[in-house]
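Here is the structure we will look at, set down as structure tokens.
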Amino acid sequence: MRYYPRLLELLLLLIAFGLTGSAFLAVFRADYGDRSVMQEALRLAWPMGSFLAAHWILSVTRPRANQVLVPLVASLTGIGLVFLYRIPADFPIGHRPHPLTGQSWAVVIGVIAMLVLANIRDVRALSRFKYLCMVAGIGLLLLTALAGEVVHGKALNVRIGSAIEFQPTELVKLLLVIFMAGYLAERSRLISQRWGRWIISSEDLRYLGPLFGIWVASQMLLFYQKDLGAALLFFGVFLAMIFISNARPLYLAIGWALFAGGAAYAYEFSARTQERIKIWLNPWKYGSSSGYQVLQGLFALGFGGLFGAGWGRGAPHFIPAVQTDFIFVGLAEEIGLLGSLGILALYLMLVWQGLSIALRARNNFATLLAAGLTIVIVIQVIVIVGGSLTLIPLTGVPVPFLSRGGTNMVCNLALIGILLAISAERSSGGAPAVAAAG
Amino acid sequence: MDPLLKRRVRFAGFWATFAFALLAAAFVYWQVYRSDWLIRQPYNRHLALLERHIRRGTIFDTNGIPLAISKSGGPGRRTYPQGSLCAHVLGYLSARYGRTGIEGALDPQLSGMGARPSPLALNPLLTGQRKAGDNVYLTLDLAAQKAASRALGNRRGAVVALDPSTGRILALVSHPSFNPAKVDANWQALIHDHRRPLLDRALQGRYQPGSTFKVLTASAAVDTGTETPNDMFDCPGYVRIGRFTIHEMDHEVHGHLSLAQALAQSCNVTFSEVGIKLGADRLLEYVHRFWVDRPLDFILPTRPGQIIGKATRNGKTGPNMRLLAIPSILAQTAFGQGQVVITPLEDAMISAAVANHGILMKPYLVDRIVDPEGRVVQQTRPTILAQPIRPSTAEAVTSMMELTFTEGTARHLQVPGLLMAGKTGTAQNPGGRTHAWFVGFAPADHPRVVAACVVENGGVGGVEAGPVVRATILAALRYRMKPG
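For the record, the sequence lines run as chains X and A.
Numbering (this note's numbering) for the first sequence: 2 to 439.
Numbering (this note's numbering) for the second sequence: 2 to 485.
Below, the structure is given as structure tokens:
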């Protein structure tokens, strides 16, 4: 250990590479066996290699940082890349693998962002920028609302120049969590309050009033952009962080009341919301129109069964948006129940690692930050996977690390970078925090 | 760090784990528990994709003669060697207009999408091991089917033939027919044809049964002890019931005759009296016992018959008993006029129960389903549907029906050396010329085939429908009498 401080990470990374490599070989044999294997493998090798590079850099700069996060993220990213590679780029005319250039660059840029953030020496310094984060966040939302390009009926993308396009809401997720962690950690009286106080004091108004104001503003902007998925995500993160900083039922009641009010408003005034609820209640009725996507997703699940159709043997192109929001369902067809539960387990391990980093953090700000960032991952998974399994009404959110989408990939990897930085400055200098993982 | 904060982070972790457990449960639900159900959904485009790689199973008649064949994968390449002969039984495969008949009812098996032995087993379709769907063997006897169709010729109508001791359907013909391979191309012509070629008259065409219904009335009268076959009646050619007068067909006068002779001569006057003596309740009870007014569990859609118009009383909808209580209507019902309508299948089933010692076997069309390796996946066993009448009643009514051939309305249809039993019917109907009916079975001492035929607006039953039934029965019997 003395000579190789991050041996566990290396071993787990090798497992992740093995997983990705075997998946690639299965897809290659099923679909593209007539091509040169080395050339095709290279498409995946360099983005995956960046994780190995990250491992070496972390060994030098942050030897004490958590050793499980990077392999978990590498596994998920690898599976996502293989699946995106497998879907023909020019379906239905030809049969050509996806070149993956854009996504690979996103992975590399994301890994660089992760490394930069992982090397922050004192995470508390971030709390100094909390108001800047808030202003930037609201500004980005405004920018999207005003200058955003409309994709699938919602204004999401902002174009810079001619080549680069990005989705500001992805970045706003991180900014929101940093702002809230900073704001709530500063009010330590709030944190030490006990359960069961129902009176709203002037203190409450002073502390939480501005927070609610900002939250309502961001919700309105998202609603204006018709981005229900992001609105749901922001709401969840907001409520969860309020709960963690102060578990008074009063605040939860206010939060849920606001949610109910917002949902009722959305249902009343947005045809999109009404449609989503209708599809959720009975997708079969709208099977050939608006419920088509959900139904195709369910059929894919049914065809997968326990063991799955096998890599390259499913029919993911039947599902609209299978490369982004519905990628988990498309994967579930090919790798079966065992595979989908495996991916779910990877996410759960990621969440447990994130929360255990929060528990060992050096100060309240770092705890709130780590917990908030972890909850961002949790809620994204619940919203999109729960939606495609018809547990909740469907709202479009990318699946972290799996879905195609550059901004999402970069921001989620940056999020992991912050978690790594927090884990490296643990309060007790004891043994490395590697719980039951791998 | 604040210990309260720590506790709440743990709490959040607990809820996150709980939410993931719910997601996992939902995955189990859709991917294992509901998997087979999802695979069979009609919206499922995966089916069409897989069908392209799987050769659809063949449909055979009872002797292994192919009726529907696919040489390669894909539903578009289906061929029907018998043309329109078995169209209503086989149904059609159309991407636009759906799947009907056996092609539709057994689609999962024929297309190889049948249930897996267990949800834990690998889906043989997806692993690519499965190349062909299951083959289906029908109970249909192509010789009988051909004979029935040829005898019916260009006339509109239907023929049903079945084995009374098992319920196996031997022939099921409905004319006019259509070419199942060309449904897509001819669709507009088919649905606008006023002769309605797509309607399966044998199972869903409801007609006034006319005098063939007397088999049921006679069975009810003998079974309840209301009459014996030897009870004597007088027929002056008409009978006045209230203000209503019932005439014999062609104003014939049958004179002094027994119940058995009345059946053989098809005497309406006698059966009017029998019906009134029997009463509406008992007649209706036997209609129910013979399954005429009940829905039938059958692989293809059937329509239950109706004895009298429906009426709603005290919130319950049922036969309009007040109408049936009117003696003149009851009398007409007893000889198959009035408001009675039944399908040819039901007409055959009434006589099948009589032919089979009073036991009504459940009719079935699919003998067995065999997988491409030759293993029998599903085998239909004969089952008893009901026992509407006692064996002694059945024997008495059989003797009465034999009289139809020896001295009654079907004398001209006798076959040397074969003892036959039957009943003619000439049903007046609002649609114009009378429907010609005939139902019969043979050999009368040990019945192996029952056949019923209706010729729509055909005329006199014994002349128009009788020869069709005889041809069908002979074809079915002769085929079986062949050595080997």
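Note that the Cβ used here is the ideal one computed from N, Cα and C, for glycine as well.
Query raised in the report: Among residues of its own chain, excluding the 5 on either side of Ser175(A), which ones have a beta-carbon nearer than 6 Å to its beta-carbon?
Result: Here the question's residue 175(A) lines up with position 174 in the second sequence. Only His89, Ala159, Asp201, Arg202, Ala203 meet the Cβ criterion.
**Report entry** Residue nearest to Val398(A) in terms of C-alpha spacing, selected from Ala476(A), Ile103(A), Leu366(A), Leu217(A)
**Finding:** Indexing the second sequence from 1 puts residue 398(A) at position 397. Selected option, being the one with the closest Cα: Leu217(A).
Query raised in the report: Which chain A residues sit within Cβ distance under 9 Å of Gly79(X)?
Result: On the first sequence, position 78 is the one that residue 79(X) refers to. Near Gly79(X) there are no residues of chain A at all, since even the closest Cβ is about 21 Å away, more than 9 Å.
Query raised in the report: To which residues of the same chain is Leu123(A) closer than 7 Å at the C-beta, ignoring the five residues directly before and after it?
Result: By one-based count along the second sequence, residue 123(A) stands at place 122. Below a pLDDT of 50, predicted positions are generally treated as unreliable, and Leu123(A), at 48, falls in that range; the measurement from the model is reported next regardless. Closer than 7 Å at the Cβ level, and outside the excluded window around Leu123(A), lies no residue.
Query - Proximity test, Cβ basis, 8 Å: Ser341(X) and chain A - result: Here residue 341(X) is taken as the residue at index 340 of the first sequence, counted from 1. Yes, its Cβ sits closer than 8 Å to a Cβ of chain A.
Query - Residue burial classification, Trp257(X) (beta-carbon count within 10 angstroms, cutoff 16) - result: Locating residue 257(X) in the first sequence gives position 256, where the first residue counts as 1. With fewer than 16 Cβ atoms within 10 Å of its Cβ, Trp257(X) is classed as exposed.
Query raised in the report: Going by Cα to Cα distance, which pick from Leu143(X), Leu127(X), Tyr266(X), Ile328(X) is closest to Ile80(X)?
Result: Counting from 1 along the first sequence, the entry for residue 80(X) is found at position 79. Comparing Cα positions, the closest option is Ile328(X).
Query raised in the report: Are there 16 or more other CB atoms within 10 angstroms of the CB of Phe19(A), so buried, or fewer, so exposed?
Result: In the second sequence, residue 19(A) corresponds to position 18, counting from 1. Per the 10 Å Cβ criterion, exposed.
Query - 9 Å Cβ cut-off: residues of chain A touching Trp257(X) - result: Taking the first sequence and counting its residues from 1, the one referred to as residue 257(X) is at position 256. Neighbours of Trp257(X) on chain A: none; closest Cβ ~14 Å, over 9 Å.
Query - Close-in-space but distant-in-sequence residues of the same chain around Leu116(X) (CB under 6 Å, 5 per side omitted) - result: As a first step, residue 116(X) is located in the first sequence; it is residue number 115 there, counting from the start. Ala55, Ile58, listed in sequence order.
Query raised in the report: With which residues is Leu94(A) paired in a DSSP beta bridge?
Result: Stepping through the second sequence from its first residue, residue 94(A) is reached at position 93. DSSP output for Leu94(A) lists Arg100(A) as bridge partner(s).
Query raised in the report: Given that a residue counts as buried once 16 or more other Cβ atoms are within 10 Å of its Cβ, and exposed if not, what is Leu177(X)?
Result: By one-based count along the first sequence, residue 177(X) stands at place 176. When all chains shown are included, Leu177(X) counts as buried.
Report task. Kindly list the residues whose CB is nearer than 7 Å to the CB of Arg391(A), restricted to its own chain and excluding five residues on each side of it in sequence; keep chain order. Result -> Locating residue 391(A) in the second sequence gives position 390, where the first residue counts as 1. Hits under 7 Å: Asp224, Gly359.
Query raised in the report: Any chance the region 285 to 303 of chain X sits against the region 312 to 329 of chain X, with 3 or more Cβ pairs inside 8 Å?
Result: yes
Query raised in the report: Does the beta-carbon of Asp123(X) have 16 or more other beta-carbons within 10 angstroms, so that it is buried, or is it exposed?
Result: For the purposes of this step, residue 123(X) is taken as the residue at position 122 of the first sequence. It counts as exposed.
Query - Where Ile70(A) sits in the DSSP three-state scheme - result: Residue 70(A) sits at position 69 when you count from the first residue of the second sequence. Correct three-state label for Ile70(A): strand.
**Report entry** chain X contact for Arg156(A) (CB, 8 Å cutoff)
**Finding:** Position 155 of the second sequence, counted from the start, is the residue given in the question as residue 156(A). No, no contact with chain X.
Query raised in the report: Three-state secondary structure (DSSP) at Glu228(A)?
Result: Taking the second sequence and counting its residues from 1, the one referred to as residue 228(A) is at position 227. Of the three classes helix, strand and coil, the one that applies to Glu228(A) here is coil, per DSSP.
Query raised in the report: Counting pairs of beta carbons, one from the region 344 to 354 of chain A and one from the region 275 to 284 of chain A, are three or more of them closer than 8 Å?
Result: no
Query - Met221(X) versus Ala264(X): straight-line alpha-carbon distance, rounded - result: Position 220 of the first sequence, counting from 1, holds the residue named residue 221(X). Position 263 of the first sequence, counting from 1, holds the residue named residue 264(X). C-alpha separation (whole angstroms): 12 Å.
Query raised in the report: With burial defined as no fewer than 16 other Cβ atoms inside 10 Å of the residue's Cβ, what is the status of Leu121(A): buried or exposed?
Result: Taking the first residue of the second sequence as position 1, residue 121(A) is located at position 120. Since pLDDT at Leu121(A) reaches only 47, below the 50 mark, its modelled position is unreliable, and no value is offered.
Query raised in the report: What does a CB cutoff of less than 7 Å around Asp62(A) pick up in its chain, not counting 5 residues either side in sequence?
Result: Mapped onto the second sequence, residue 62(A) falls at position 61. Closer than 7 Å at the Cβ level, and outside the excluded window around Asp62(A), lie Leu68, Leu139, Leu141, Asp142, Leu143.
Query raised in the report: Is the region 408 to 424 of chain X close to the region 13 to 28 of chain A, with three or more CB pairs under 8 Å?
Result: no
Query raised in the report: For the 8 Å Cβ check, are there 3 or more pairs between the region 180 to 200 of chain A and the region 349 to 363 of chain A?
Result: no
Query raised in the report: Any contact of the region 410 to 421 of chain A with the region 457 to 476 of chain A, i.e. 3+ C-beta pairs under 8 Å?
Result: yes
Requested in this report: Pull up the distance between the alpha-carbon of Leu43(X) and that of Leu101(X), whole angstroms please.
Outcome: The residue given as residue 43(X) occupies position 42 in the first sequence. The residue given as residue 101(X) occupies position 100 in the first sequence. Roughly 11 Å separates the two Cα atoms.
Query - Cutoff 8 Å; reference Pro296(A); Cβ partners in own chain excluding five residues on either side - result: Here residue 296(A) refers to the residue found at position 295 of the second sequence. Answer for Pro296(A): Thr303, Pro305, listed in chain order.
**Report entry** Straight-line gap, Ser267(A) to Pro431(A) (C-alpha atoms, nearest Å)
**Finding:** Within the second sequence, the letter at position 266 stands for residue 267(A). Within the second sequence, the letter at position 430 stands for residue 431(A). Taking the straight line from one Cα to the other gives about 21 Å.
Query - Whole alpha helix (DSSP H) elements within the region 200 to 284 of chain X, 4-residue minimum - result: 203 to 225, 229 to 246, 250 to 270, 272 to 282
Query raised in the report: Hey, Leu171(A) and Ala145(A): beta-carbon distance below 8 Å or not?
Result: Here residue 171(A) refers to the residue found at position 170 of the second sequence. Here residue 145(A) refers to the residue found at position 144 of the second sequence. Contact flag set, yes.
Query raised in the report: Nearest chain X C-beta to Leu42(A) closer than 8 Å, yes or no?
Result: Against the second sequence, residue 42(A) aligns to sequence position 41. Sequence check: residue 42(A) is Gln here, not Leu. True, the Cβ-Cβ gap to chain X drops below 8 Å.
Query raised in the report: In chain order, what residues of the same chain lie with their CB nearer than 8 Å to the CB of Tyr1(A), ignoring the 5 residues before and after it?
Result: In the structure as shown, chain A starts at 2 and stops at 485, and residue 1(A) therefore has no counterpart that could be examined.
Query raised in the report: Of all the options Leu390(X), Val377(X), Thr396(X), which has the alpha carbon lying nearest to the alpha carbon of Ala182(X)?
Result: Residue mapping note: residue 182(X) aligns to position 181 of the first sequence, counting from 1. Among Leu390(X), Val377(X), Thr396(X), the Cα nearest to that of Ala182(X) is on Val377(X).
Query raised in the report: Can you list, in chain order, the residues of its chain whose CB lies under 6 Å from that of His447(A), leaving out five sequence neighbours each side?
Result: Here residue 447(A) corresponds to residue number 446 of the second sequence, with the count starting at 1. Excluding positions up to five away in sequence, the list is empty.
**Report entry** Cutoff 8 Å: Gly397(X) Cβ touching any chain A Cβ
**Finding:** Residue 397(X) sits at position 396 when you count from the first residue of the first sequence. Not one chain A Cβ lies under 8 Å of Gly397(X).
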